[in-house]
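Asks: Mapping the sequence shown onto this note's numbering, position 169 (from 1) lands on 158, and the numbers just tick up by one.
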Amino acid sequence: MNSNKIITGEKIQNIAEVYLGDSSDFSYNPYIASQPHKHQSLETLSESYSNPRYVFCYTHRLESLARNIHRFQNPFVLITHNSDENITWKEATKTLLSSPHLLMWYSQNVGIQHEKLRLLPIGMANRQWTHGDIDFFDDFVPPVQKTKHIYFHFNVHTNMSKRRICYDQLYNKINTSPPMSPPDYKRHLSEYQFCICPEGNGYDTHRFWEALYLKVIPIVIKNDFIIQLQQTPYLSHIPMVVLDSWQDLDPAALNYDELYHDCDLEFDTIQHEICSDKFPQI
-10 MNSNKIITGE KIQNIAEVYL GDSSDFSYNP YIASQPHKHQ SLETLSESYS
40 NPRYVFCYTH RLESLARNIH RFQNPFVLIT HNSDENITWK EATKTLLSSP
90 HLLMWYSQNV GIQHEKLRLL PIGMANRQWT HGDIDFFDDF VPPVQKTKHI
140 YFHFNVHTNM SKRRICYDQL YNKINTSPPM SPPDYKRHLS EYQFCICPEG
190 NGYDTHRFWE ALYLKVIPIV IKNDFIIQLQ QTPYLSHIPM VVLDSWQDLD
240 PAALNYDELY HDCDLEFDTI QHEICSDKFP QI
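Shown next as structure tokens:
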């Protein structure tokens, strides 16, 4: 796959005409830091803000955005990403969804349903991280015949409450893989048919999308995010194994050939969805 087609948070953010946050947000990612013309501090918005149509905000800044949303004067599409916060029924969420100027809100880590809220993938890691080297995919071709069954390795400390349960319930069923460098890890993962994908810092994980790009089927626990993912038209075709509990996993019952199918995971699909201009007029 061409790296230009890979979904990442910074590519999604770049769709927007303005980035809302503070100086620490903008300087954190070198690519975002190189676009000062898009930076807008939430704390210095004018009382009457003539906002552009496509607005980005970091998900950990939603409370600040909600406090300032009354300043917006024009219809807008909100994009929230590049942070680990889950979208749940908080007061800030309700305030944003009730804005009279909101056309649609696209976000990662969506765990609720609303007619003006759509789910975005976390995708691959951004390029500033060693595991965000999407150029890897320009030359790499996943093996036609996958020789290994279930990949099982993750950092338990990323989300101890969710991942410890996963590890404790599966380590007697599946052999664990050793830690590896990012390129070696991707090559190793590509040899597997399935991959254990517990929650990360938020609902979604890079591991989930890494697996799909390598034609590996993610195994997940049903949660609010997975329910929304299954109901998202432009993502509902994704092959995955959804369990109610890790204890329910029966490795012998998993048949890759029956469960796997190619799926459209191209950035252009996400960009077209966000920029489709099919929203109701306000």
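Heads up, the beta-carbon is just placed ideally off N, CA and C, and yes, glycines get one too. Nothing here was measured: the structure is a model prediction, and the numbers come from that model.
Got a sec, what are the start and stop residues for the alpha helix (DSSP H) Thr48 sits in?
Replies: By one-based count along the sequence shown, residue 48 stands at place 59. No alpha helix (DSSP H) holds Thr48; DSSP gives it neither H nor E.
Asks: Measuring CB to CB, does Ile111 end up less than 8 Å from Thr194?
Replies: The sequence position of residue 111 within the sequence shown is 122, counting from 1. The sequence position of residue 194 within the sequence shown is 205, counting from 1. Yes, the Cβ-Cβ distance between Ile111 and Thr194 is below 8 Å.
Asks: Return helix, strand or coil for Lys175, following the three-state DSSP convention.
Replies: As a position in the sequence shown, residue 175 is number 186, starting the count at 1. Residue state, collapsed to three classes: helix.
Asks: Compare the C-alpha of Asp247 against each of Gln182, Ile215, Ile210 and Phe256 and name the closest.
Replies: Stepping through the sequence shown from its first residue, residue 247 is reached at position 258. Note that residue 247 is Glu in the sequence shown, not Asp. Answer by Cα proximity: Gln182.
Asks: Using the C-alpha atoms, what's the distance from Val133 back to Tyr(-2)?
Replies: Taking the first residue of the sequence shown as position 1, residue -2 is located at position 9. Taking the first residue of the sequence shown as position 1, residue 133 is located at position 144. The question names Tyr, but residue -2 is Gly in the sequence shown. Rounded to whole angstroms, Gly(-2) and Val133 show a C-alpha spacing of 29 Å.
Asks: How would you write the range of the beta strand (DSSP E) that Tyr273 sits in, first residue to last?
Replies: Here the chain has residues from -10 to 271 only, and residue 273 is not among them.
Asks: How many whole angstroms separate the CB atoms of Glu188 and Lys151, which I take to be in contact at a CB cut-off of 8 Å?
Replies: The count along the sequence shown starts at 1 and reaches residue 188 at position 199. The count along the sequence shown starts at 1 and reaches residue 151 at position 162. Yes, they are in contact, since the Cβ atoms of Glu188 and Lys151 sit about 4 Å apart, within 8 Å.
Asks: Since Ser30 is in the beta strand (DSSP E), which residue starts that stretch and which ends it?
Replies: Locating residue 30 in the sequence shown gives position 41, where the first residue counts as 1. It spans His28 to Ser30 - the beta strand (DSSP E) in which Ser30 sits, taken as one unbroken run.
Asks: Looking at Leu178 and Leu159, is the spacing between their C-beta atoms short of 8 Å?
Replies: For the purposes of this step, residue 159 is identified with residue 170 of the sequence shown, where counting begins at 1. For the purposes of this step, residue 178 is identified with residue 189 of the sequence shown, where counting begins at 1. Taking 8 Å as the Cβ cut-off, Leu159 and Leu178 do not qualify as a contacting pair.
Asks: Identify which residue in Ser265, Ile210 and Leu91 has its Cα closest to the Cα of Ile154.
Replies: Along the sequence shown, read from residue 1 onward, the residue named residue 154 stands at position 165. Selected option, being the one with the closest Cα: Ile210.
Asks: Around the C-beta of Pro89, are 16 or more other C-beta atoms found within 10 angstroms, so that it is buried, or is it exposed?
Replies: As a first step, residue 89 is located in the sequence shown; it is residue number 100 there, counting from the start. Residue environment analysis places Pro89 among the exposed positions, since fewer than 16 neighbouring C-beta atoms fall within 10 angstroms of its C-beta.
Asks: Run through the segment 38 to 98 for me and flag every whole alpha helix (DSSP H) of 4 or more residues, listed as ranges in chain order.
Replies: 51 to 57 and 80 to 86
Asks: Quick check on the burial criterion: 16 or more other C-beta atoms within 10 angstroms. Buried or exposed for Pro207?
Replies: Along the sequence shown, one-based indexing puts residue 207 at 218. It is buried - the Cβ of Pro207 has at least 16 other Cβ atoms within 10 Å.
Asks: Rounded C-beta distance between Leu31 and Asn57? I'm assuming under 8 Å.
Replies: In the sequence shown, the residue the question calls residue 31 occupies position 42. In the sequence shown, the residue the question calls residue 57 occupies position 68. For Leu31 against Asn57, the beta-carbon gap comes to about 6 Å, under 8 Å, which counts as contact.
Asks: Under 8 Å: do the segment 64 to 75 and the segment 90 to 98 share three or more Cβ pairs, one atom per stretch?
Replies: At 8 Å Cβ cutoff, the stretches touch.
Asks: Grouping DSSP H, G and I as helix and E and B as strand, with all else coil, what is Pro207?
Replies: For this step, residue 207 is matched to residue 218 along the sequence shown. Note: Pro207 maps to strand in three-state DSSP.
Asks: For Lys0, does the count of other Cβ atoms within 10 angstroms reach 16, so buried, or fall short, so exposed?
Replies: Stepping through the sequence shown from its first residue, residue 0 is reached at position 11. Result: buried.
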